[in-house]
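S.K.: In our numbering, the protein residues as written are 7 to 605.
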Amino acid sequence: MKRRRKTLKRKVKVWLSIWGMIAATGVFTFAAIKVASGRNTDLADSSENVTSYMENSDAAAKSPIRFSEVSKALGIQMQHGPGKRGRNLPEDTGSGLAWGDPDNDGDWDLYVVNYPGPMNAELNVESQGSLGMNRLYRNDGGIFIDITEEAGVGDLNGFGMGASFVDYDGDGDVDIYVTNYGPNRLFENQGDCTFIEVSKRAGVDNPLWSTGAAWGDVDRDGDLDLYVCNYVEIIPSDPDMVASAEEEGLDEDIPISLNPNSFDPQPNAFYLNNGDGTFQDLAKETGILNPEGRSLEAIFCDLDGDGWLDLYVNNDVSTNKLYLSLGGGMETPLFADLSTQTGTADPRGSMGLGVAEFGDMAGNMDGLPDLFITHWLAQENALYQSLKGPGGDLEYRDKVQIFRLGEVSIGSVGWGTGLVDMDLDGQLDIVVTNGSTLEERNDKSVLVQESIFLFWNAGNIFHEVADWGGEVFENKYSGRGLAVADFDGDGDVDVALNVNRGAPLILQNDSETSNSSLTILLDAPAVLATGAKIEVLTAERRQIRWWLSESSFLSGHAPEQIYGLGAASQADKIIVHWADGTQTQLENIPAGRISVQPS
């Protein structure tokens, strides 16, 4: 075992030190906050906000999950963040990446977000030319080819954060939306994998610092709407200006320029699709402006099962928001903020976000989405499991303690995540990319790097098994974006990670298993497929996923769902609940790959 594992005693010591740092720098707001019914512990009590985790090495060593890093062999060679680091928040926050099929040839291509160069204390960018472009790599069957320039999607002057592939105009090919520190970009596909930039024409260029983006047909009028997270209003600041460690009793100084709580939040945007290729921002009118949020990520998903898309927003150093749709019958869609009532008003620093049904682990298979959230140092990741309370009201419980996902994450800053079945046994595993926002003590020009997490689902708990997952996990990285896809078409889930100021990683799944799988594609207009609920039933279990509702961090997973069937050779039934309320059912589907159309 080459990667040395920390002891529980050492981790708790590190956690206590970091917690003091959080309290002193104001990165965490404590006002005797108790998240209503969402946790069994008081988030304002640092002595309680930690769960016990003791790794069972014998059990973890039985994990069959294996990955190989293959980016160079595939031809993906670029460097995120060219030039010397400028010690500012925008550089340290990004960037993401996304899988999609813009050339419509049936395999997954990769778009990697970048930024043009370092930013100085006056917020001026020192461009490094083409080295800082975003990159589009076409999957050419075993090798990826850089087609950025011919496609016209490099966004040379954009300070890139996130990306999503989406057919925003409903013409049958996928477009690309890019969030930036500064004006966002909407690249419209011309049908031949060349693009024109139309963000101003469409009204979605958003001049603020945008991060995550979520798409869905919120008003069910037949076109996709867009929610854009905006973060903070950066002002020029000296990176050597710090919160004094000596005065606060801390181990090290914290630059004010790297603390999001030093800056005012920016309101979010909700772009309602007008149906003619343009959008109007109705965030305030719909009740989802979230002006105090410092938002990083969001998802549209039907959280309460009423057929209408709801919204969950991850906020950094601000309380997360759960907005339930009030349904139809109104000229403008409306949402109600039920964050506190549902127990999801999480005040920690929230980055990555994923949606899945983990009810089979705790005997609560209610068919509603659960929420997995990655957090900053000393705050534990969260797994909010849905349940219906008295009277049918939606509530959540944080099962991070029960599932053993808590203490292991305390010493890391979590970012992108994928909730996927890595060994195809029918149970969802979790991958998380980590990377600190603290600087190395002896070299302030670089950030502390951290290990990737692989959480193997053992039935009722998770084991962190990266030590057994392959050579790539022996190293540490400044991970940010993460997106999953079966890029090689062999029926299992592969992983792409964007490394801050490093080269992207492509992790090819080499898991040692004889389990079979069923890959489901939805052959339907994006407006019908986005947010659709897909159930797969076998004799062993019922599995539920939601189409394109898993946001990760600034990233986009491939539009496919891979269901592990274990030893079964077929799925007994597939049920697709389309976004418009209709259903398609299929029976006795053999393992392999299937494309499902609306009935």
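In this text, a Cβ means the ideal position worked out from N, Cα and C, and glycines have one as well.
Among 385, 355 and 428, which one has its Cα closest to the Cα of residue 417?
M.R.: Answer by Cα proximity: 385.
S.K.: Grab the span of the alpha helix (DSSP H) containing residue 393 for me, first residue to last.
M.R.: Looking at the DSSP string, residue 393 is not in any alpha helix (DSSP H); the run it does join, the beta strand (DSSP E), is 388-394.
S.K.: Does DSSP put residue 71 in a helix, a strand or coil?
M.R.: Residue 71: coil per DSSP, three-state reduction.
S.K.: Just list the residues that DSSP pairs residue 271 with in beta bridges.
M.R.: 238, per the DSSP bridge assignment.
S.K.: Would you check if there are 3 or more beta carbon pairs closer than 8 Å linking the stretch 548-562 to the stretch 355-371?
M.R.: Enough Cβ pairs lie closer than 8 Å, so yes.
S.K.: I'd like the list of long-range same chain contacts for residue 610, defined as Cβ closer than 8 Å, with 5 residues on each side in sequence excluded.
M.R.: The chain is shown from 7 up to 605; residue 610 falls before or after that span and cannot be answered.
S.K.: Determine the closest residue to residue 276 out of 228, 95 and 340, with distance taken between C-alpha atoms.
M.R.: Checking every option, the nearest Cα to that of residue 276 belongs to 340.
S.K.: Going by the DSSP bridge assignment, what does residue 171 pair with across the sheet?
M.R.: Partner(s): 182.
S.K.: If distances are taken between C-alpha atoms only, which option among 245, 125 and 235 comes closest to residue 289?
M.R.: Closest option to residue 289, Cα to Cα, is 235.
S.K.: Counting C-beta neighbours from all protein chains within 10 Å, is the total for residue 539 16 or more, i.e. buried, or is it exposed?
M.R.: Answer is buried; the Cβ neighbour count reaches 16.
S.K.: Can you grab the Cα-Cα spacing for the pair residue 434 / residue 364, in whole Å?
M.R.: The straight-line gap from Cα to Cα measures roughly 8 Å.
S.K.: If we ignore side chains and look at the alpha-carbon of each, how far apart do residue 518 and residue 70 end up?
M.R.: Distance between the alpha carbons of residue 518 and residue 70 is about 5 Å.
S.K.: What three-state label does DSSP hand residue 343 in the structure shown?
M.R.: If DSSP states are grouped into helix, strand and coil, residue 343 belongs with the strands.
S.K.: In whole angstroms, what is the alpha-carbon distance linking residue 198 and residue 147?
M.R.: About 18 Å.
S.K.: Would residue 477 be called buried (16 or more neighbouring beta carbons within 10 Å of its own) or exposed?
M.R.: Exposed.
S.K.: Counting C-beta neighbours from all protein chains within 10 Å, is the total for residue 331 16 or more, i.e. buried, or is it exposed?
M.R.: With 16 or more other Cβ atoms within 10 Å, it is buried.
S.K.: Mapping the DSSP letters down to three states, classify residue 43 as helix, strand or coil.
M.R.: In this predicted model, residue 43 has a pLDDT of only 38, less than 50, meaning its place in the structure is not dependable enough to derive any value.
S.K.: Which residues bound the beta strand (DSSP E) around residue 478?
M.R.: From DSSP, residue 478 is part of no beta strand (DSSP E); its letter is neither H nor E.
S.K.: Can you tell me which of 474, 590 and 398 puts its alpha carbon nearest to the alpha carbon of residue 580?
M.R.: Residue 580 has its Cα closest to that of 590, out of 474, 590 and 398.
S.K.: So what's residue 526 in DSSP terms, helix, strand or just coil?
M.R.: It is a strand residue.
S.K.: What are the uninterrupted segments assigned as beta strand (DSSP E) that are 3 or more residues long and contained completely in the stretch 310-342, given in chain order?
M.R.: Runs of the beta strand (DSSP E) inside the stretch 310-342: 316-321 and 327-331.
S.K.: Whose CA, out of 128, 438 and 102, lies closest to the CA of residue 120?
M.R.: Nearest of 128, 438 and 102 to residue 120, Cα basis: 102.
S.K.: Using the C-alpha atoms, what's the distance from residue 431 back to residue 227?
M.R.: Their backbone Cα atoms lie some 39 Å apart in a straight line.
S.K.: Please tell me whether residue 242 and residue 93 are closer than 8 Å, where the distance is taken between their beta carbons.
M.R.: Not closer than 8 Å, so no.
S.K.: So the candidates are 410, 191, 300 and 427; which of them puts its Cα closest to the Cα of residue 500?
M.R.: Of 410, 191, 300 and 427, the residue nearest in Cα terms is 427.
S.K.: Given this structure, state the Cα-to-Cα distance separating residue 251 from residue 456, to the nearest angstrom.
M.R.: With a pLDDT of 46 at residue 251, under the threshold of 50, the modelled position of that residue is not reliable, and no figure is offered here.
S.K.: Hey, how far is the Cα of residue 46 from the Cα of residue 133?
M.R.: Note that residue 46 has pLDDT 44, beneath the 50 cutoff, so the model's placement of it is unreliable and the number below is only indicative. C-alpha separation (whole angstroms): 49 Å.
S.K.: According to DSSP, which residues form a beta bridge with residue 514?
M.R.: DSSP, once it has assigned bridges, lists 74 as partnering residue 514.
S.K.: What's the call for residue 64, buried or exposed, on a 16-neighbour Cβ count within 10 Å?
M.R.: Exposed, because fewer than 16 other Cβ atoms sit within 10 Å of the Cβ of residue 64.
S.K.: What does a CB cutoff of less than 7 Å around residue 2 pick up in its chain, not counting 5 residues either side in sequence?
M.R.: Residue 2 is absent from the model: the chain starts at 7 and stops at 605.
S.K.: Identify the residues that DSSP records as bridge partners of residue 381: which are they?
M.R.: Partner(s): 356.
S.K.: Per DSSP, residue 576 is paired with what?
M.R.: In the DSSP output, where bridge partners are listed per residue, residue 576 has 596.
S.K.: May I ask you to list the residues that DSSP assigns as paired with residue 85?
M.R.: Answer is none; residue 85 lacks a bridge partner.
S.K.: Can you give me the Cβ contacts of residue 109 inside the same chain, cut-off strictly under 7 Å, excluding the 5 residues immediately before and after it?
M.R.: These residues qualify, in order along the chain: 115, 144 and 199.
S.K.: I'd like to know whether the C-beta atoms of residue 66 and residue 480 end up nearer to each other than 8 Å.
M.R.: In this structure, residue 480 does not lie closer than 8 Å to residue 66 by Cβ.
S.K.: Compare the C-alpha of residue 549 against each of 534, 535, 211 and 570 and name the closest.
M.R.: The candidate whose alpha carbon is nearest that of residue 549 is 570.
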